[in-house]
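Step one of this worksheet: look at the structure below.
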Amino acid sequence: MSMSRQYPFVALLTGILLLCLGADMLPAQQQISASYTKLAEDGRELPREAQNWAMVRDNATGLIWEIKTTDGSIHDVEKVFDWAGAQAEFIAELNRTKFGGFDDWRLPTTDELRTLAVKGEEPYINREFFPHTAPTSYLSWRKCGSGEIFDERIKFGEQRNSKKDRRVRAVRNSAVRE
3 MSMSRQYPFV ALLTGILLLC LGADMLPAQQ QISASYTKLA EDGRELPREA
53 QNWAMVRDNA TGLIWEIKTT DGSIHDVEKV FDWAGAQAEF IAELNRTKFG
103 GFDDWRLPTT DELRTLAVKG EEPYINREFF PHTAPTSYLS WRKCGSGEIF
153 DERIKFGEQR NSKKDRRVRA VRNSAVRE
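This note's numbering numbers the first residue of the sequence shown as 3 and each following residue consecutively.
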């Protein structure tokens, strides 16, 4: 197909995506969080030098992020899911087992996941706090104006729409324990 025949389709698709996703996605903002705190499996704060931790709190956004592992568990960096599986298997398991003492884990929005992206070498993430991050795509979501949930993938450094199996990273809003 010639470029002149493709252009109307590409322009239409781009327009739909920008209306649904918001023009703020272009260009992708890369930011470095001012401060992270390592958290133990039970949610306790750990010193920066800690060698074992299960979660990280982003002190700039207040979000708490799951840490990926290489142990074959539900947290393993090699586990991939489609949108439905990510919800029914991954997120459901974290909430059922009250990972970190919480049962409100979810997939991040595209904007939330982008707050982890930093400039540098792949993977584009602070590896001191987020080890075992594959330099590949992670699922996220954005709600369209119509109310439809649109799943997206973030490869630290780029963003695209996708229906394929992707890696996932859980997040929750920070809250004081009762």
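Cβ coordinates follow ideal geometry from the N, Cα and C atoms, glycine included. For clarity, every value in this text was computed on a predicted model and none was experimentally measured.
Quiz item: Around the C-beta of residue 117, are 16 or more other C-beta atoms found within 10 angstroms, so that it is buried, or is it exposed?
Solution: On the sequence shown, position 115 is the one that residue 117 refers to. The residue in question, residue 117, is buried, as its Cβ has 16 or more Cβ neighbours within 10 Å.
Practice problem: Give every residue of the same chain whose Cβ lies closer than 7 Å to the Cβ of residue 134, excluding the five residues on either side of it in the sequence, and list them in chain order. | Solution: Here residue 134 is taken as the residue at index 132 of the sequence shown, counted from 1. Closer than 7 Å at the Cβ level, and outside the excluded window around residue 134, lie 70, 71, 72, 79.
Practice problem: Using beta-carbon positions only, say whether residue 170 and residue 67 come within less than 8 Å of one another. | Solution: Here residue 170 corresponds to residue number 168 of the sequence shown, with the count starting at 1. Here residue 67 corresponds to residue number 65 of the sequence shown, with the count starting at 1. No. Outside cutoff.
Quiz prompt | Same chain, Cβ closer than 6 Å to residue 131, five either side skipped, listed in chain order | solution = The count along the sequence shown starts at 1 and reaches residue 131 at position 129. Excluding residues within five positions, the ones whose Cβ falls inside 6 Å are 38, 58.
Self-check item: Per-residue burial, residue 124 [other beta carbons within 10 Å of its own, 16 or more giving buried]
Solution: Start at 1 with the first residue of the sequence shown, and residue 124 comes out as number 122. Residue 124 should be labelled exposed.
Practice problem: Kindly list the residues whose CB is nearer than 6 Å to the CB of residue 159, restricted to its own chain and excluding five residues on each side of it in sequence; keep chain order. | Solution: Residue 159 sits at position 157 when you count from the first residue of the sequence shown. Reliability fails at residue 159, whose pLDDT of 45 lies under 50, so the model's placement of it is uncertain and the value that follows must be treated cautiously. Only 126 meet the Cβ criterion.
Exercise. To the nearest angstrom, report how far apart residue 83 and residue 76 are at their CA atoms.
Key: Within the sequence shown, residue 83 is the residue found at index 81, counting from 1. Within the sequence shown, residue 76 is the residue found at index 74, counting from 1. CA-CA distance, residue 83 to residue 76, rounds to 11 Å.
Self-check item: For residue 104 and residue 47, the rounded distance between their alpha carbons
Solution: As a working note, residue 47 is residue 45 in the sequence shown. As a working note, residue 104 is residue 102 in the sequence shown. Their backbone Cα atoms lie some 15 Å apart in a straight line.
Self-check item: N- and C-terminal bounds of the alpha helix (DSSP H) containing residue 113
Solution: As a working note, residue 113 is residue 111 in the sequence shown. Residues 112 to 116.
Quiz item: How many angstroms separate the CA atom of residue 56 from the CA atom of residue 44?
Solution: Numbered from 1 along the sequence shown, position 54 holds the residue referred to as residue 56. Numbered from 1 along the sequence shown, position 42 holds the residue referred to as residue 44. Approximately 9 Å, taken between the alpha carbons.
Quiz prompt | Nearest-angstrom Cα separation, counted from residue 109 out to residue 88 | solution = Here residue 88 is taken as the residue at index 86 of the sequence shown, counted from 1. Here residue 109 is taken as the residue at index 107 of the sequence shown, counted from 1. Computed Cα separation, rounded: 8 Å.
Exercise. In angstroms with no decimal places, state the Cα-to-Cα distance between residue 94 and residue 142.
Key: The residue you call residue 94 lines up with position 92 of the sequence shown. The residue you call residue 142 lines up with position 140 of the sequence shown. In a straight line, the C-alpha of residue 94 is about 16 Å away from that of residue 142.
Exercise. Could you check the C-alpha separation between residue 175 and residue 91 for me, to the nearest Å?
Key: The count along the sequence shown starts at 1 and reaches residue 175 at position 173. The count along the sequence shown starts at 1 and reaches residue 91 at position 89. The straight-line gap separating the alpha-carbon atoms of residue 175 and residue 91 is approximately 20 Å.
Quiz item: Going by alpha carbons, who is nearest to residue 119 out of 101, 138, 106, 107?
Solution: Walking along the sequence shown from the start, residue 119 turns up at place 117. Minimum Cα distance to residue 119 is reached at 138.
Practice problem: For the alpha helix (DSSP H) holding residue 96, just list the boundary residues, first then last. | Solution: Taking the first residue of the sequence shown as 1, we reach residue 96 at position 94. 94 to 98 is the span of the alpha helix (DSSP H), which, as asked, contains residue 96.
Practice problem: Note down the Cα distance separating residue 41 from residue 54, rounded to an integer number of angstroms. | Solution: Counting from one through the sequence shown, the residue named residue 41 turns up at place 39. Counting from one through the sequence shown, the residue named residue 54 turns up at place 52. Spanning the two alpha carbons is a distance of roughly 9 Å.
Exercise. Report the option in 102, 106, 96, 144 whose CA atom is closest to the CA atom of residue 115.
Key: One-based indexing of the sequence shown puts residue 115 at position 113. Nearest of 102, 106, 96, 144 to residue 115, Cα basis: 144.
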